[in-house]
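In the working numbering, the protein residues as written are 348 to 453.
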């Protein structure tokens with residue numbers, strides 16, 4: 348933690364058979380959500396905000412909005428669908444990991 352609301356996480360992740368270092372800076376806006384800035388990795392330079400909306404029956408909607416970039420995707424060729432697919436697959440993996448973790452702590 349850099350202070351009470353700001354933290355930096357870094358980790359290694361295997362992507363397409365290669366180990367890639369990923370680093371993110373997060374700023375907590377309790378209880379609304381968390382803002383992230385990707386510092387290293389395939390979407391370095393991207394910024395996004397995740398916020399939470401309470402639902403009935405002890406459920407929560409998770410909403411993500413942001414601007415995503417990738418050094419491996421050339422923005423001049425209009426390859427938005429490839430970037431979209433990469434971002435969605437990343438957050439689908441995070442969602443699945445979170446669900447597995449939450450099942451184990453219940």
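Using N, Cα and C, we set each Cβ at its ideal position, and we do this for glycine too. All of these numbers come straight from a predicted model, not from anything done at the bench.
- Query: Among residues of its own chain, excluding the 5 on either side of residue 383, which ones have a beta-carbon nearer than 6 Å to its beta-carbon?
  - Reply: By one-based count along the chain shown, residue 383 stands at place 36. So the qualifying residues of the chain are 371, 373, 395.
- Task: Using the Cα positions of residue 368 and residue 403, report the straight-line distance between them to the nearest angstrom.
- Result: For the purposes of this step, residue 368 is identified with residue 21 of the chain shown, where counting begins at 1. For the purposes of this step, residue 403 is identified with residue 56 of the chain shown, where counting begins at 1. Near 38 Å, if we compare the C-alpha coordinates of residue 403 and residue 368.
- Where does residue 416 fall in DSSP's three states? Along the chain shown, read from residue 1 onward, the residue named residue 416 stands at position 69. Residue 416: coil per DSSP, three-state reduction.
- Query: Exposed or buried, which one is residue 417 when buried takes at least 16 other CB atoms within 10 Å?
  - Reply: If you number the chain shown from 1, residue 417 lands on position 70. Buried: at least 16 other Cβ atoms inside 10 Å.
- Message: I'd like the ranges of any beta strand (DSSP E) spanning at least 3 consecutive residues and lying wholly in the region 348 to 412.
- Response: 353 to 362, 365 to 376, 380 to 387, 394 to 402
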